[in-house]
Structures are given as structure tokens and as C-alpha cells.
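Below is one structure, written out as C-alpha cells; comments come after it.
Residue numbers (the working numbering): 1 to 675.
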């Protein structure tokens with residue numbers, strides 16, 4: 001070796017790899033490809049497996065911050081056993097958060113465990129005390145102010161050449177551990193290998209009641225096409241039932257070409273209004289309003305009046321075009337063409353939709369198309385709309401929705417999108433992962449105890465709850481389930497209670513729902529007879545037997561009970577009758593407990609025993625436990641004892657109980673009451 005080479009300073013040795021393993025972090029969607037979803041004020045409960053070789057103790061944190069913030073906040077990890085740890089943080093503002101997990105060997109806790117065992121066994125711990133003095137002195141170097149001085153003094157005590165008794169007492173003093181935990185040695189921290197995201201939305205993305213209504217059927221005069229002003233006059237009616245969102249089908253000009261007639265007939269008369277989903281005409285397209293409804297100014301007034309009553313307007317966005325849409329003339333490249341040069345209309349064999357052209361999202365001019373469709377959302381946001389129900393998103397590319405929702409949401413994070421995707425589970429879940437805050441569901445076709453229990457357990461107790469929020473529409477203009485066709489008024493009440501309490505967000509299509517309209521187009525069909533999709537209807541809002549008051553009461557119960565504002569707290573309870581479904585929701589502190597018991601049979605009285613897990617509900621244990629269940633529908637009160645109690649439900653009277661569980665409280669005068 002040359003002399004000059006021997007004089008070169010040696011590089012410091014590379015640190016050995018960390019001995020800590022961090023894996024299995026949840027919630028995590030598809031290896032972090034997609035965000036989890038929360039609303040402002042909700043917790044994110046993070047868990048992870050963290051472990052090392054040997055017997056050293058670990059410590060760790062969940063790190064979190066608003067995306068773009070310079071500094072991380074931290075929440076300590078708590079051990080759950082078997083190397084599983086958990087930590088919690090709260091998201092406090094709209095937008096994007098990010099989080100990850102870090103863990104390290106806790107040398108002080110490891111040392112404390114060792115010296116405690118040896119001291120209890122009467123062994124000499126002189127060397128261990130010196131080791132502890134070093135650890136405490138190093139921590140003092142990481143601390144500041146009075147705590148640094150205190151730690152240095154404590155290190156002097158541990159390292160003093162004196163009797164071991166007082167030194168051991170100082171070592172195992174809980175006060176020392178309490179300070180040391182604040183100044184750990186994190187020089188060998190092991191981070192999780194990715195940073196995960198949270199999409200934080202406003203409360204309405206999680207909780208709300210929707211009412212769907214066709215403005216053109218709002219005229220008080222039979223035979224006249226309704227207007228935005230007529231819809232404005234209908235707002236107090238909707239608000240009186242306690243709804244939060246008024247959802248309007250497409251309000252755009254309707255094409256004339258191949259216009260459909262009543263009951264989806266292929267031939268329309270000169271006065272038939274056609275389907276609102278056949279969008280576009282000489283008057284304009286997706287950024288215009290149907291002239292018979294009024295003007296944009298009239299629409300703006302409708303939005304403002306709705307907001308004044310506590311209602312938000314949700315608009316239907318359907319990315320498809322009538323043959324008369326301006327896009328067809330101005331951008332023919334945005335549509336698929338047959339070999340003969342004609343544009344291919346929409347089909348779902350055997351159904352044909354000659355009045356609709358689907359858009360080709362893969363055309364060579366796709367970037368201009370995508371930008372234009374994004375601007376449709378931005379246009380209506382400019383007119384006060386913050387909620388969009390999107391028609392058939394499963395027939396458009398996933399990556400378009402990933403892009404357009406992110407484009408809109410980054411500018412307007414208050415925006416909410418509802419996916420109308422009655423399709424295969426994988427497709428529905430992918431749309432939700434890609435950004436849709438809410439989704440239609442299979443709820444309409446789940447009518448038995450087994451089917452409801454299985455489906456809602458999947459939605460609320462698997463990782464689907466982290467990204468998919470069902471909006472439980474009890475009926476839609478497209479779907480009139482046979483349960484409603486034949487079950488009469490009790491069937492509508494059953495489905496309303498189920499939708500409103502199984503899910504935090506639900507909806508109905510009215511006035512057909514509150515008027516218990518069950519007439520189908522033909523046997524075996526789920527289409528309404530004389531559907532509003534193809535003709536203007538006139539509704540008598542005071543029709544005898546309507547459910548207006550019942551709906552208002554159920555919505556009031558929802559608002560008054562915060563346990564019903566969430567999905568992930570749903571739990572099913574055992575009953576001994578397959579026609580009786582029982583389930584409950586509770587707030588984390590158990591201050592609000594709601595138990596729902598529903599007779600799923602709209603024709604017959606059903607009875608049976610409901611079994612509640614008293615321990616989980618904080619109601620004590622054993623047959624002597626007494627608590628009151630207050631039926632919030634009928635205002636009846638019952639004193640229940642123990643886990644098992646009898647119910648009898650007549651669907652002709654009321655097919656369901658919505659119980660508020662009230663605990664016994666003893667006053668100073670030894671008088672029992674329930675709260």
C-alpha cells in the first residue's frame with residue numbers, strides 16, 4: 001500500500017440494517033394504490049404488525065399530516081398482543097391526508113424489563129445500573145430544559161458508586177419511564193415501505209337522506225309540464241319530510257330523434273316529452289337546461305331556495321347524447337361509427353336505446369373529450385351544485401373517473417359523487433376505490449334475513465367499509481322490486497326502515513314511494529307502469545294512506561340519534577324467527593344505542609325472541625339486568641330484562657320498532673329512571 005493511501009481518512013462504517021420488521025398495515029387499499037375514505041372529524045384507526053428477533057421491546061408511532069404540510073404529527077402505537085399494534089388519529093379538514101407507521105427498538109424499556117426481573121430475583125445489577133445511566137444520559141441529550149436537567153440528575157443517581165437499593169428504586173420509578181418515553185432513541189427507526197392516503201370529505205358524503213323528484217311532474221295543474229318554479233314550490237314538502245338532498249334527473253334539453261313514448265314505446269306522439277336521459281337538442285347539451293323547465297336563472301333560484309330550507313340539490317350527470325346533441329354535430333369523432341358511417345346507438349340486448357348515442361372514450365381526440373366532460377361538472381358547480389349522481393359510470397373507463405374525480409375534487413373537495421352502477425361487485429368496488437364517495441348497492445334485491453345479514457356484514461365489517469359507502473335507495477325510477485309491487489303499504493314501510501337504519505345514507509324516489517305506488521308495467525317487470533321516465537305525471541300529494549308522516553318521523557329519528565350517522569358500527573343480533581331481523585348501532589361511548597327490530601313479512605304478524613349482547617352494549621350482564629327500550633316510532637316504552645326478550649310485530653300496525661335503549665339510573669332519592 002502506498003504511504004499516501006494509508007493516510008487517507010477511513011469512511012465511517014455503514015450502519016447495520018434495522019432489526020425491526022413493519023408489515024401488514026391497515027387500512028390499506030390495494031397496496032396503497034387507492035386512498036381510504038373518512039369525513040371531517042372521523043378517526044383513522046391504524047394497525048400494523050411490528051416485531052424483531054429476540055426479546056427486545058419495541059415502540060412506534062403512526063405518522064400523519066395533511067398532504068403538503070412540512071411536518072408530521074404522531075400518534076403512539078399501542079400493543080394489542082401477538083406483535084399487533086394500533087394507533088389512532090383524527091382527520092380535521094377537507095382534502096388529502098397521508099399516513100405511515102414507524103417502529104424501533106425501545107432500548108430503555110428493554111433494559112427496564114431486564115433489571116426489574118434481576119432485582120426481584122435478588123441478583124447483582126451493578127453493571128445494568130451503569131448501562132441504564134448511559135441510556136438516561138443519552139436521553140437527556142435529546143431532551144431540553146428542565147427535563148434534560150432532571151434526566152442528567154437521575155443518570156448520576158443510577159451511575160453513582162453507592163448501595164444498589166436506592167439506585168434500583170430510582171431505576172424502576174414510574175416517573176423515570178414517563179419522561180424517557182418522550183425522548184426515545186429513534187436513530188434506528190424502521191419505517192413502513194410506503195405512505196398511504198386518506199380522502200377526507202364532508203359529512204354529507206357519509207350521512208344523509210335523499211329524495212328523487214322529476215321537476216317536470218311538479219306542476220299543480222294536471223297535464224301541464226312542470227317548471228323549476230313549480231319544483232321550488234315543492235321544496236317545503238320535501239323539507240318537511242326531513243330530507244337533506246333533493247336529487248333531480250337530467251334537466252337538459254331532450255332530443256327529438258327517436259324519442260321514446262309512454263312506457264318506453266318506440267313511437268312518441270307530438271306532445272310526448274321523451275326521456276330526460278336522451279340529452280341534447282338545438283337548445284344545447286350538458287351545460288343547458290330544458291326550456292320547458294325554465295332558465296339557468298330559474299335553476300339558480302331553485303338552488304338558493306333549497307339551500308335556505310336545508311336542502312342540497314343533486315344533479316344527474318349522464319355522459320351520453322341524443323342524436324340531436326351539439327356534440328354530435330361539432331365533435332363527430334367523439335362517437336363510434338359503424339362501417340356505413342352512421343353512429344352506433346346504445347344497446348343492452350335485447351333492449352335498444354335508439355334515442356341515445358354512447359360516447360367513445362378511446363377516440364383519437366380523447367383528451368379534448370375528457371376535458372370537456374370535466375368542465376360539465378365544473379359548470380354546474382359554478383351554479384351551486386355540490387352533489388352529482390352519475391348515470392351508468394360502469395359503462396365508462398375507470399381511468400377516466402380516476403382522472404376526472406381527482407381533477408374536480410382537488411379544486412372543490414366539497415363535491416360528492418354517487419355512482420349509479422348496478423353491476424358486478426368487482427366493478428362497483430373499483431369505482432368506489434377510484435374516487436366515488438357513494439355507490440348504489442344490491443340492497444333493492446336483498447329482502448330476506450339471510451341475504452340482508454350477509455350483504456351488510458360484507459359492506460360494514462370487511463375492508464370495503466374503508467372505501468365504499470352504499471346509498472340505499474329503496475326504489476328508483478328504473479327499479480320497482482316485486483316486494484313493493486305486492487306487499488302494499490307495510491312493504492314500503494319495511495323497506496324505508498331498513499334503508500334508513502341499515503345505512504347512514506339512503507334515498508327514495510318520490511312521490512311514488514310515499515304514495516305506495518306498486519303498479520308495474522307488466523308481470524315480471526321492475527319498470528313502473530306509466531313511468532315518469534317517459535311521460536309527465538301529476539301527483540296528489542295528499543293521497544289517503546300516504547307515508548309522508550311516517551317518513552318524516554323516521555328521518556327525525558335518524559337526525560336525533562348519532563349512532564345512525566355511520567355504517568361501520570352496524571351489528572346484527574340473533575333472533576329465533578327468520579322473518580324477524582334485529583340489528584343495532586351505537587356511538588363509541590355507548591351514550592346512544594339504537595336497536596332496530598323489523599318484521600320482514602308484510603302480510604302476517606310475526607313474533608319471536610331477540611337476543612342482545614348486553615356486555616357489548618354496556619347494559620350489565622345476567623337475567624337480572626334491566627333496561628328500557630323506547631320505540632321512537634310509536635313512543636311506546638318497554639322494560640326488558642336480560643339478553644332475551646319477546647317481540648310481536650303486526651305489519652298492519654307498524655312493521656318495525658326503532659328502539660332507543662335507555663339505561664337505568666338511580667337518583668339520590670333512590671328513584672330509578674332511564675336515560
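Ideal Cβ placement from N, Cα and C applies to all residues, glycine included. Since the model is a prediction, treat every value here as computed from it, not as a measurement.
- residue 156 beta carbon less than 8 Å from that of residue 105: no
- Item | Proximity winner among 625, 642, 577, 522, relative to residue 649 (alpha-carbon distances) | Nearest to residue 649 by C-alpha distance, out of 625, 642, 577, 522, is 577.
- Task: Please report how far the alpha carbon of residue 187 lies from the alpha carbon of residue 613, in whole angstroms.
- Result: 47 Å
- Message: Distance check for residue 499 and residue 456, CA to CA, integer angstroms please.
- Response: 11 Å
- Query: To the nearest whole angstrom, what separates the beta carbons of residue 383 and residue 299, a pair I think is in contact under 8 Å?
  - Reply: 6 Å
- If you follow the alpha helix (DSSP H) that residue 455 is part of, which residue opens it and which one closes it? For residue 455, the enclosing alpha helix (DSSP H) has its first and last residue at 449-461.
- Any idea what DSSP makes of residue 39, helix, strand or coil? It is a strand residue.
- Tell me the start and end of each unbroken beta strand (DSSP E) in the segment 627-668 that is at least 3 residues and wholly inside, in chain order. 637-641, 644-649, 656-666
- Item | Segment contact flag, the segment 525-543 with the segment 247-264, C-beta cutoff 8 Å, min 3 pairs | yes
- Which word fits residue 348, buried or exposed, when buried means at least 16 other C-beta atoms lie within 10 angstroms of its C-beta? exposed
- Task: Might you give, ordered along the chain, the residues of its own chain that have their beta carbon closer than 8 Å to the beta carbon of residue 209, omitting 5 neighbours on each side?
- Result: 242, 243, 244, 245, 500, 505, 506, 507, 555, 558
- Task: Please list, in chain order, all residues of the same chain as residue 396 whose beta carbon is under 8 Å from its beta carbon, the five residues on each side excluded.
- Result: 319, 359, 361
- Whole angstroms is fine: what's the gap from residue 272's alpha carbon to residue 281's? 15 Å
- Would you say residue 592 and residue 552 are within 8 Å of each other, going by their C-beta atoms? no
- Are residue 236 and residue 309 close, meaning C-beta to C-beta below 8 Å? yes
- Do you know offhand how far residue 608's Cα is from residue 547's? 27 Å
- Message: If contacts are defined as beta-carbon pairs under 8 Å, then residue 334 and residue 369 qualify, I think. What distance do you get, rounded to the angstrom?
- Response: Their Cβ separation, rounded to whole angstroms, is 5 Å, which keeps residue 334 and residue 369 in contact under 8 Å.
- Query: Helix, strand or coil: which one does DSSP assign to residue 334?
  - Reply: helix
- Message: Tell me the rounded alpha-carbon separation between residue 479 and residue 289.
- Response: Computed Cα separation, rounded: 26 Å.
- Query: Straight-line CA distance for residue 328 to residue 321?
  - Reply: 8 Å
- Is any beta-carbon of chain D found at less than 8 Å from that of residue 241? Among the protein chains of the structure shown there is no chain D, as only one such chain exists.
- With DSSP as the reference, label residue 418 as helix, strand or coil. If DSSP states are grouped into helix, strand and coil, residue 418 belongs with the strands.
- Task: Please report the Cβ distance between residue 37 and residue 199, rounded to the nearest whole angstrom; I am assuming they are in contact, meaning their Cβ atoms lie under 8 Å.
- Result: 5 Å
- Query: If you drop the 5 nearest sequence neighbours on each side, which residues of the same chain put their C-beta closer than 8 Å to that of residue 465?
  - Reply: 459, 567, 568
- Item | Separation of residue 284 from residue 295, as counted between CA atoms | 12 Å
- Three or more C-beta pairs closer than 8 Å, one from the segment 481-490 and one from the segment 516-531: is that the case here? yes
- Item | Those residues which DSSP pairs with residue 72 across a bridge | For residue 72, which the question treats as bridged, DSSP gives no partner whatsoever.
- For residue 264, name the three-state secondary structure that DSSP assigns. helix
- Query: Assuming residue 443 and residue 470 make a contact with CB atoms under 8 Å, what is their CB distance in whole Å?
  - Reply: So it is a contact: roughly 7 Å between Cβ atoms.
- Query: Leaving out the 5 sequence neighbours to the left and right, which residues in its chain are closer than 8 Å to residue 670 when beta-carbon positions are compared?
  - Reply: In this prediction, residue 670 has a pLDDT of 48, which is less than 50 and means its spatial position is unreliable; what the coordinates show is noted afterwards. None.
- In three-state terms, what does DSSP make of residue 356? coil
- Query: Taking residue 173 as the reference, which of 115, 205, 197 has the closest Cα?
  - Reply: 115
- What's the C-alpha gap between residue 690 and residue 514? Outside the displayed span of the chain (1 to 675) sits residue 690, for which this structure offers no information.
- Message: Quick check on residue 502: buried or exposed, where buried means 16 or more other Cβ atoms within 10 Å of its Cβ?
- Response: buried
- Item | Same chain, Cβ closer than 6 Å to residue 487, neighbours up to 5 away in sequence not counted | 602
- Task: Determine, using beta-carbon pairs with one atom in the segment 14-24 and one in the segment 177-191, whether at least three such pairs fall under 8 Å.
- Result: Contact holds: three or more Cβ-Cβ distances are below 8 Å.
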